[in-house]
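A.B. asks:
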Amino acid sequence: MRSGYGKTFWGRLRIYNPQAEARDIGLVLKYAVMDHVDWYSQNPDGSVHGDKNGQLVALDPDLSPSRFPLFPVTLEAGETRDIYLRIRSDTVVILPIRVQSMEQLQRTAIIDIMLYSLLVGCLLTMAALGYLFFTGSRKWAYFWFATFCASIAAHIFLSSGVGKAYVWPGATVDLMFLLFVLEGLAMGSSALFVVNYLDTRSRAPLFHKLLYVIAGFSLLTCLATPLPFWVLTIAFLVSTGIGPLVILSGSIWLTVKKVKGAQLVVLSWIPNQAGIIWTYLRSLDLVPYSDIHHYTMPVTCTLTAIAFT
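In my numbering, the protein residues as written are 97 to 405.
Dropping the structure here:
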């Protein structure tokens with residue numbers, strides 16, 4: 097299965113249990129932000145078994161929590177079964193499916209919770225420190241740094257599927273608008289942080305104007321739904337692709353000019369830029385899928401924030 101935009105996908109896969117005993121397994125569609133996922137399979141007695149997952153679907157409280165759409169299946173010894181699924185989503189999706197035992201799923205869930213709790217905890221701690229320093233000094237660089245950390249923490253919590261799985265499984269809320277808002281807020285606040293941290297108004301007037309343009313386009317992504325699609329596309333590309341590249345390039349230029357603090361911006365922004373490049377390559381299906389892909393942006397954004405503490 098491939099990627100698409102605003103489509104309904106149908107898929108079929110065949111699974112087989114070669115062992116001499118029945119097995120409880122789970123089919124995991126490793127893309128957390130999905131509107132609807134409908135699973136179907138035919139039981140040995142001819143009956144059809146179905147299930148629903150997704151951000152707009154209230155999850156079954158009797159099932160094990162999963163941050164990805166999950167379909168549990170019991171396969172008898174030597175049984176072969178066809179699984180059908182229908183996926184509906186208004187975002188770009190890439191659909192890797194994994195077949196794992198329920199024990200493996202539980203171990204993976206524990207690792208996920210530990211990692212994401214660590215990342216979100218670090219970011220929220222740095223956000224709190226930033227706001228504390230801002231209230232004491234009234235330096236706006238601290239305020240925008242804290243806003244960046246808080247927005248990234250919220251984005252990780254929502255986009256990873258942890259919130260849907262463990263906090264509000266019964267909710268049927270479309271999270272895409274909130275994710276657009278948080279992405280725009282993170283990029284806009286990072287641009288305004290650089291403005292204040294490096295005092296670009298006096299040191300680099302052209303770079304200063306570019307940073308405000310980036311911040312403006314980033315705020316446009318916060319409007320999301322009311323905007324025409326082509327405007328939103330441009331704003332999204334500027335805030336998530338062009339903007340970070342401009343910040344890195346401008347900071348390198350200021351480092352060459354020996355502007356105080358510019359080198360720190362460069363060093364901190366390199367992980368973020370690497371994560372963005374990897375994400376775009378994966379979205380275009382130019383690099384092979386790996387489970388580590390789900391942790392790329394959360395880890396690189398956290399490293400960017402840690403570099404300033």
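Ideal placement from N, C-alpha and C gives every residue a C-beta, glycine not left out. Note that the structure is a prediction, hence the values are computed from the model and not measured.
Per DSSP, what kind of secondary structure is ILE388 in: helix, strand or coil?
C.D. replies: Residue state, collapsed to three classes: coil.
A.B. asks: Nearest by alpha-carbon distance to ILE343: which of ARG119, ASP131, PHE289 and GLY174 is it?
C.D. replies: Ranking ARG119, ASP131, PHE289 and GLY174 by Cα distance to ILE343 puts PHE289 first.
A.B. asks: Cutting at 6 Å between CB atoms, please list the residues of its own chain near LEU271, excluding the five before and the five after it.
C.D. replies: GLN151 and LEU254
A.B. asks: Might you give, ordered along the chain, the residues of its own chain that have their beta carbon closer than 8 Å to the beta carbon of THR231, omitting 5 neighbours on each side?
C.D. replies: So the list is empty, once near-sequence residues are dropped.
A.B. asks: Determine contact between the stretch 196-203 and the stretch 136-147, defined as no fewer than three beta-carbon pairs at a distance below 8 Å.
C.D. replies: Output reads no: the stretch 136-147 does not touch the stretch 196-203.
A.B. asks: For THR268, which of helix, strand or coil comes out of DSSP?
C.D. replies: coil
A.B. asks: Which of the three DSSP states is assigned to ASP381 in this structure?
C.D. replies: coil
A.B. asks: State the Cα-Cα distance for the pair ALA242 and ALA287, rounded to the nearest angstrom.
C.D. replies: 13 Å
A.B. asks: Let me know if PRO384 comes out buried or exposed under the rule of 16 or more other beta-carbons within 10 Å of its beta-carbon.
C.D. replies: Exposed.
A.B. asks: For MET97, which three-state DSSP category applies?
C.D. replies: Residue confidence is low: MET97 scores 40 on pLDDT, short of 50, so the model does not pin down where it sits. Its coordinate-derived value is still stated next. The answer is coil: DSSP assigns MET97 none of H, G, I, E or B.
A.B. asks: Among LEU350, GLN359, VAL355 and ILE373, which has the Cα closest to the Cα of GLY337?
C.D. replies: ILE373
A.B. asks: DSSP on ASN292, reduced to helix/strand/coil?
C.D. replies: The DSSP-derived three-state label of ASN292 is helix.
A.B. asks: Helix, strand or coil: which one does DSSP assign to PRO394?
C.D. replies: Of the three classes helix, strand and coil, the one that applies to PRO394 here is helix, per DSSP.
A.B. asks: I'd like the span of the beta strand (DSSP E) that includes PHE193, first residue to last.
C.D. replies: Rather than Phe, the amino acid found at residue 193 in this sequence is Ile. 193-197 is the span of the beta strand (DSSP E), which, as asked, contains ILE193.
A.B. asks: Going by other Cβ atoms of all chains shown within 10 Å of its Cβ, with 16 needed for buried, is MET393 buried or exposed?
C.D. replies: buried
A.B. asks: Hey, ILE121 and LEU155 are a contact pair by Cβ (cut 8 Å); roughly how many whole angstroms apart?
C.D. replies: Their Cβ separation, rounded to whole angstroms, is 19 Å, which puts ILE121 and LEU155 out of contact at 8 Å.
A.B. asks: Count the other CB atoms within 10 Å of the CB of ASN264; is the residue buried (16 or more) or exposed (fewer)?
C.D. replies: Looking at the sequence shown, residue 264 is not Asn but Trp. Burial call: exposed.
A.B. asks: Decide if the stretch 118-135 is in contact with the stretch 245-253; the criterion is three or more beta carbon pairs, one per stretch, under 8 Å apart.
C.D. replies: no
A.B. asks: For VAL216 versus ILE111, is the C-beta distance shorter than 8 Å?
C.D. replies: In this structure, ILE111 does not lie closer than 8 Å to VAL216 by Cβ.
A.B. asks: Short of 7 Å in beta carbon distance, which residues of its chain neighbour ALA261, apart from the five on each side in sequence? Order them along the chain.
C.D. replies: When the five nearest sequence neighbours on each side are left out, the beta carbons in the same chain lying within less than 7 Å of the beta carbon of ALA261 are those of PRO161, SER162 and ARG163, in order along the chain.
A.B. asks: Just reading off the beta strand (DSSP E) that THR336 is part of, what are its end residues?
C.D. replies: It is not in any beta strand (DSSP E) - THR336 carries neither H nor E in the DSSP assignment.
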